[in-house]
Structure formats: C-alpha cells, structure tokens
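All remarks here apply to the structure that follows.
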Amino acid sequence: MTRTMYEKIWDANLVHEPEAGSPLLFVDRHLMHEVTSPQAFEGLRLQNRKVRNVHSILGTIDHCVPTKDRFNIVDVIAKKQVETMTANCEENEINLYGMDSNQNGVIHIVVPEHGFVHPGMVVCCGDSHTATHGAFGALAFGIGTSEVEHVMATQTLQQKKAKTMLVKVEGKLPAFSTAKDIALAIIAKTGTAGGTGYVMEFAGNTITDLTMEGRMTLCNMAIEAGARAGLVAPDQVTFDYLEGKEFAPKGDEWPMAVEYWKSLVSDEGAEFDALVELKAEDIAPQVSWGTSPEQVISVTGVVPSPSDFTNEVKSQACTNALKYMALEAGQKITDIHIDVVFIGSCTNGRIEDFRAAAELLKGKKVADGVQAFAVPGSFPVKVQAEKEGLDKIFIDAGWEWRDPGCSMCLAMNGDELEDGQRSASTSNRNFEGRQGKGGRTHLVSPAMAAAASVAGHFVDIRDWK
Amino acid sequence: MQPYIKHTSIAALMDRSNVDTDQIIPKNFMKKVERTGFGINLFHNWRYLADNITPNPEFELNKPAFKGAKILVAGENFGCGSSREHAPWAIADYGFNTVISTSFADIFYSNCFKNSILPIIVTDEQLAALMAEIAGNEGVEFTVDLEAQKVITPGGLSISFEVDAFRKESLLDGLDDIAWTLKHEEQISTYEAAQRKRLPWLWPSA
Ligand code: SF4
C-alpha cells in the first residue's frame, strides 16, 4: 500500500491506538519559549509530575526581549515571564539559549541552526509557527499550553489523524519572487481556513529548488493557510544543511539516518485528500492589503472592492479590512505609502533574507519620514551578517540594526506601531492590532520591504532602480 | 477540570468571521504566568474605548442583554491565528463555556476541550437561524445538552451536533488528559525502548 510522508511519520510515531479514546503520538522534540510555558510548568508542579525526557526539549527567550537595550525589560510582568522561564529550565535541567547566551534568538530560527530537528520527527511547541520545521520533513505543529504540560509529562500527544493536501508548485519563479511570495500566493488561493484539518505537503520543482531557508519561510506560513502542519520531502539540500550541526547524527549514525530519512518520502502514487496546484510563473511579488493573510495581491494589482467577492463573508471581510486599513478600493498597491519598515521574525529573519534586502539597499537612503529597522532572527544570524558587512549597508541606508527577538512581529516587547501607522513587514500576520493597536500591516518579502523603505511606498522591484 | 453540565443560558451574538486569537486576547495581556485573570481583557481592543477602561458601547458583548452569557455564537473560522491557550482561558474566565460557529481553527478547537469549553460546529443555515433568533430577541436563552449532542432554542430550533466520543466523555467527566495518558505508561516505555534501538541518534548516548 502506498503512503504519504505524513502517514509514514504518523505510523512511525504511533505509540498506541486504544479502542476507546485518542491515539497517542510520540513527540521527539519539544521547543519552548517564555510566553506559553509557565502555566505548564506550574501544572506539573501542582500535580507532582516530572519532565519525562529532558533531552527532547530546547528552549529560548524571544517574545518579550527588547531589541534595543535588551536587558532592560521595563514591563514588570514581561520581566517576570523571562525570569520564570529561566528558573523553570534551570530547575528541570532543560537546555535553554537564554538571555545571556550568544545563541539566543527566535525559537524557530535557533532550532534549525543547531540541527535539533531532523526529518521524520514529530516536533511540537506552544507556538503556531512550529510549522516552520516541516521544511525538514518533520511533522511539526503548534500546541496549547495544556498540551505543553501533557508532552512534558508523557512525551506524547493525544492526536487525531489529519487529512492530507498536496500543494504542487512547478516552474521557474519570476525575478525577485521568493518563498514568501509563494506562501502568500498559496494562502490567497486556499484562504486562511482552506487548510483547516489538513497537513500540507509542498512539492514540485519550484519547491525542491528552494534553499532550506526558503523552505522554512514557506512552511512557517502553512499555519496561515489554516493547515495543521506543512511538509517538504527531505533531499540532498536537507542533508547538506544538517550535516555537521550540533544535534545532527554523527559518525556511523549519519549514513543510517540519511537512509532512514530517504525512506520517508511520499510513495509514488500515494493518495492525498486534496490537491492545489500553482504555476511559479504566475507568482509575482505579493503585498497583503487587508487584515488576514488571505487578503493579498500581486504588487501590480489594485486594492479590491467588496463587490469583487461573490462570497458574502469574504465581501464583508473586505469592507471591514478596507475600513481598518484606511484604503480605497481600486487604489494601486504601488500608491500605498508606508511609515515603518520591519525586516525580521521567524518567517524572514534568516541570513538569506538580510542578504536579499541589503542587495537592494546598497547605496540607497530611506525615504523621508520612514522608520526602518532590521532585526536578525538570532545572534548567529546577526554575527554572520556583520561578518559579511550587511549591517553597514543597512546603517548607511538609514536603517536601525537591532539585536535579535520577535520584535514587531507581535509587538509585545516595546517594538510596535503607533495608532494609524502603516508598516511594510516581513512577518506573517497582518491581523488588526498585531503590530500595535490601530497599526496597519502589509506583509511582504524582505526585498519588497527594503525597496519600500527607500521609495516610501510599495514598488514593483522588478522594474525599480 | 470542571465537568460540563447541561445548561440553559444567554447566548451572545458576535456576527464576525475569522475572529483571531489576537483579538480574543491581545498579546500585551499574555504576559501573566498564571492561567486565570484573563477574562477582563477578553476582546480588549474591541471592548474598551481608547482610554482602555471605558466599555465601548458599540461592541456587541457590552450590550446589557448579553450580560452573563455562557454561550457565544460567532461567524466562521473562529479562533484562527496564534496558538495561545490564553484565548480559551480568557473565554472561560469571562464566563463562556460554549462557542458555536461553522468552523474553528484546529489548535483553538482542541484547546477548548482542555478548558471545559464546548466548541460546537453547525452548518451555515443553522448558524444563520441561531443568529437570527438572537438578533430578534436579545437576551434569549439556549439550552446546550452535550449528553444528547443538541442545542435547543425557545424559537423551536433543535440542532444536533457532532463531537468526538472521547472528547465528549472527557468533558462530561471533567477528566484530566494527562492522567488518562499515563494509564498507558507501559506502551510509552515500550515505544521508547524500541525507538532507542531503531533511531539511536535521537537519544543521548547512555
Ligand atoms: S517571530 Fe513572530 S511568529 Fe515567530 S515566534 Fe516570534 S512572535 Fe511568533
């Protein structure tokens, strides 16, 4: 019988399938940050339970960390959260890249840097963007805090089997289109609920041509399509990325592992419950115009009108979004002016992202009245960028070069939009207020964000000088 | 966990789709290290005026008729976005124990069951009928019977809904998930021992 990659991972991690009750799935790796874990540790303590497999956990502190003057956390409750995380990890001997580690950064950036996630693993974290690690062919998904506690105590999760969706992208991407644009184009097609109940497998030659960084950006946003997780089949690109990393298999175990990983790829002819196909040629650089990641359009387009939608709910959502975003139907995307530009987050905070942006910023200056800041996803990313002289390019162009953290991706650390300000942001969510109460977010790729900072409005980078 | 008992309560109407967890509980209120006390900031950005204290009279849940509601009736794709369990904590802390919609985001849906909240999925037509009944008679009380898997309204609707049998039992009994799983300790240990042999690189060398 043929099986998809999802089914193979499921079968390999199934601990028990009781007649009455939920199947139990074994969890190989558990990622942790300060916001969604304290109540779980608290729960364990109250019940007198222990962390079962300490080696399966890797933690970081990222959401609350200021990106300027990082040790000076003014919010007392945020400070308490950081202290609680540090104390919980110490008490339980959990490997934490904490505030004073030179490996600190955003969880979904730090974990791959150390080769902590491998193909075939089941990986979870109290964070929806855990989907990022699907780039390695691992079944990685977000869980709630009660489940964080459950995994710590039992190393398993009560799980229901998901349906499978094959998302196939074939062809050559236009110049300047990136993994971020593929992700946005997919969400525009499926809608933010289109993937609900599914695990998406991304396939096709456009996907296999992506770097690991690109695959991470893509899988990161699978959750914005509503999918439980995203997956990319492991191949030589994956193996080359992992080889030699701290937590990668070593010595004799390396070839054994690679052989196992190769066996996980979906069988020829395996059946998926749904299929979505895109042509890479059609994916121009994307810009979101609304308050949901599905409200997105090519940079060459115009802001839609509620009457463009036959579906009543979507039409109403368009009306609400235009009001919140202060946009007019029919307005050209390239006529939208911005106040703040943010490059960073677990979607686009990797070295490749800063290289792409720096390429466009060389010898240019930020437009009058625009504030722009670059936030590397981790200290290793920051150090690498500085080695390559990228920080200079940003700074010379009038950008701020900050320390790592989640920053304005979710704005709970001091970096935020003021009421009514409009951003070009490389993060993943444009929800109302996500980047600050009353703030208006447009999601774009790093190159698009960089160009917008110089022009002061969105531009089609393909014909921009 | 609280067992979920059959009840008749006020149903509040929230005619919006894609209500995301950032709206349910904005991140600036997520910094607590406890599970309680989030209810006061439920829907904060919609619920309060710019001074962050005065209730916004335009916001639906601030209507006097919806005071004390235990049932929330909302548009499609409720609970999308961030996985934060603070969202169901806030919903429960505010006083809701039931949310009715045509669809829920996956993580939110399963988080509800861990917090004695019953998420009920109905069809588009059923949702429209429930919403119409509330709109025409604000303050109306619906009966939710989990045992019988039914929502019953004074307007004469009787809607059957689906719920996973195991989740239903857990809600009705107020059962602790971890205790249930730990009954399978033997299977977990057996699995671990086998995995150590099969994929030794996943384990610390002894
Ligand atoms: S960068 Fe944004 S999406 Fe990623 S973990 Fe941090 S807050 Fe979440």
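Chains as they are written, first to last, in our numbering: chain A, 1 to 465; chain B, 466 to 671. We put the CB at the ideal spot given by N, CA and C, even for glycine.
(1) Considering only heavy atoms of ligand 1 and the C-beta of each residue, which residues fall inside 6 Å, strictly closer?
(2) Is the separation between the beta-carbon of V117 of chain A and that of A131 of chain A shorter than 8 Å?
(3) Closer than 7 Å by C-beta to E432 of chain A: which residues in its own chain qualify, once you throw out the five before and the five after it? Chain order, please.
(4) Sort out for me which residues DSSP pairs A374 of chain A with in a bridge.
(5) What would DSSP say about L166 of chain A, mapped onto helix, strand or coil?
(6) For the beta strand (DSSP E) that F141 of chain A lies in, which residues bound it at each end?
(7) Listing by chain order, which chain A residues have their CB less than 9 Å from the CB of P665 of chain B?
(8) Would you say the beta carbon of Q384 of chain A is closer than 7 Å to some non-hydrogen atom of ligand 3?
(9) Between I536 of chain B and L507 of chain B, is the Cβ-Cβ spacing less than 8 Å?
(10) In the stretch 498–524 of chain B, which residues sit with their C-beta less than 7 Å from some C-beta in chain A, listed in chain order?
(11) Comparing the C-beta of P38 of chain A with each C-beta of chain B, is any distance below 8 Å?
(12) Going by alpha carbons, who is nearest to P234 of chain A out of A:A203, A:K250, A:A225, A:A374?
(13) Using a Cβ-Cβ distance under 8 Å, would L410 of chain A count as near chain B?
(14) Could you tell me whether the Cβ of T646 of chain B comes closer than 8 Å to any Cβ of chain A?
(15) Going straight from the alpha carbon of A367 of chain A to that of A455 of chain A, what length do you get?
(16) Quick check: the stretch 373–381 of chain A against the stretch 104–118 of chain A, are there 3 or more CB pairs under 8 Å?
(17) Would you mind sorting A552 of chain B into buried or exposed? The rule is 16 or more other CB atoms within 10 Å of its CB.
(18) Relative to chain A, which residues along the stretch 556–572 of chain B have a C-beta separation below 9 Å, given in chain order?
(19) Is G639 of chain B close to chain A? Criterion is C-beta to C-beta, closer than 8 Å.
(20) Quick check: what's the CA-CA separation for G544 of chain B versus F71 of chain A?
(21) Any residues in the stretch 471–497 of chain B with a beta carbon nearer than 7 Å to a beta carbon of chain A? Which ones, in chain order?
(22) Within the chosen definition, does the stretch 193–202 of chain A reach the stretch 224–232 of chain A through at least 3 CB pairs nearer than 8 Å?
(23) Strictly by DSSP, which residues pair up with M200 of chain A?
(24) Pick from B:Q591, B:E651, B:G546, B:T618: whose alpha carbon is nearest that of G191 of chain A?
(25) Of the residues A:G349, A:W399, A:R52, A:G330, which one's Cα is nearest the Cα of S307 of chain A?
(26) When you compare the CB positions of G405 of chain A and V65 of chain A, do they come within less than 8 Å of one another, or not?
(27) Is the Cβ-Cβ distance between D610 of chain B and M466 of chain B less than 8 Å?
(28) Less than 7 Å between C-beta atoms, sequence neighbours within five positions excluded: which residues of the same chain meet that for Q435 of chain A?
(29) How many whole angstroms separate the CB atoms of S288 of chain A and N428 of chain A, which I take to be in contact at a CB cut-off of 8 Å?
(30) Can you list the residues of chain B that H150 of chain A reaches, using a CB-CB cut of under 9 Å?
(31) Would you say the stretch 172–180 of chain A touches the stretch 77–84 of chain A, given that touching needs at least three Cβ pairs under 8 Å?
(32) What's the gap between the Cα of D516 of chain B and the Cα of E523 of chain B?
(33) Counting Cβ pairs, one atom from each stretch, are 3 or more of them under 8 Å apart for the stretch 304–322 of chain A and the stretch 137–157 of chain A?
(34) Taking all protein chains shown into account, decide if I395 of chain A is buried (16 or more other Cβ within 10 angstroms of its Cβ) or exposed.
Considering the structure as presented:
(1) Close to ligand 1, as judged by a C-beta nearer than 6 Å to any of its heavy atoms, are the residues A:D62, A:H63, A:V106, A:I107, A:H108, A:D127, A:H129, A:S345, A:C346, A:C406, A:C409, A:L410, A:S427, A:N428, in chain order.
(2) Not in contact: V117 of chain A and A131 of chain A (Cβ atoms no closer than 8 Å).
(3) The beta carbon of E432 of chain A sits closer than 7 Å to those of T291, Y324, all from its chain and outside the five residues before and after it, given in chain order.
(4) In the DSSP output, where bridge partners are listed per residue, A374 of chain A has A:I343, A:W401.
(5) Note: L166 of chain A maps to strand in three-state DSSP.
(6) Counted as a single uninterrupted DSSP element, the beta strand (DSSP E) harbouring F141 of chain A occupies residues 139–142.
(7) Chain A residues near P665 of chain B: P249, E253, M256.
(8) Because ligand 3 does not appear in the structure shown, any question about it cannot be addressed here, the ligands present being ligand 1.
(9) Not closer than 8 Å, so no.
(10) The residues in question are V498, E499, R500, N510.
(11) Judged by the 8 Å Cβ criterion, P38 of chain A is in contact with chain B.
(12) The closest CA to that of P234 of chain A, considering only A:A203, A:K250, A:A225, A:A374, is found on A:A203.
(13) Interface with chain B (8 Å Cβ-Cβ cutoff): L410 of chain A is included.
(14) Closer than 8 Å: yes.
(15) Straight-line measurement puts the Cα of A455 of chain A at about 6 Å from the Cα of A367 of chain A.
(16) Touching, per the Cβ criterion.
(17) Burial call: buried.
(18) Cβ contacts with chain A: S568, F569, A570, D571, I572.
(19) Not closer than 8 Å to any Cβ of chain A, the Cβ of G639 of chain B fails to qualify, so no.
(20) Whole-angstrom Cα-Cα distance: 33 Å.
(21) So the close ones are S482, N483, D485, D487, Q488, P491, K492, N493, M495, K496, K497.
(22) Because the criterion of three Cβ pairs below 8 Å is met, the stretch 193–202 of chain A and the stretch 224–232 of chain A touch.
(23) According to DSSP, M200 of chain A bridges with A:M165, A:G230.
(24) Ranking B:Q591, B:E651, B:G546, B:T618 by CA distance to the CA of G191 of chain A puts B:G546 first.
(25) It is A:G330 whose Cα lies nearest to the Cα of S307 of chain A.
(26) The beta carbons of G405 of chain A and V65 of chain A sit closer together than 8 Å.
(27) M466 of chain B is positioned such that its CB atom lies no closer than 8 Å to that of D610 of chain B.
(28) Its chain contains M408, A411, E416, L417, S423, S425, T441 as the residues whose beta carbon lies nearer than 7 Å to that of Q435 of chain A, once the 5 sequence neighbours on both sides are disregarded; these appear in chain order.
(29) 10 Å between Cβ atoms; not a contact.
(30) K579, D642, I643, T646, listed in chain order.
(31) Verdict: no, contact absent.
(32) When rounded, the distance between both Cα atoms is 15 Å.
(33) Counting C-beta pairs closer than 8 Å gives fewer than three between the stretch 304–322 of chain A and the stretch 137–157 of chain A, which falls short of the contact rule.
(34) Under this definition I395 of chain A is an exposed residue.
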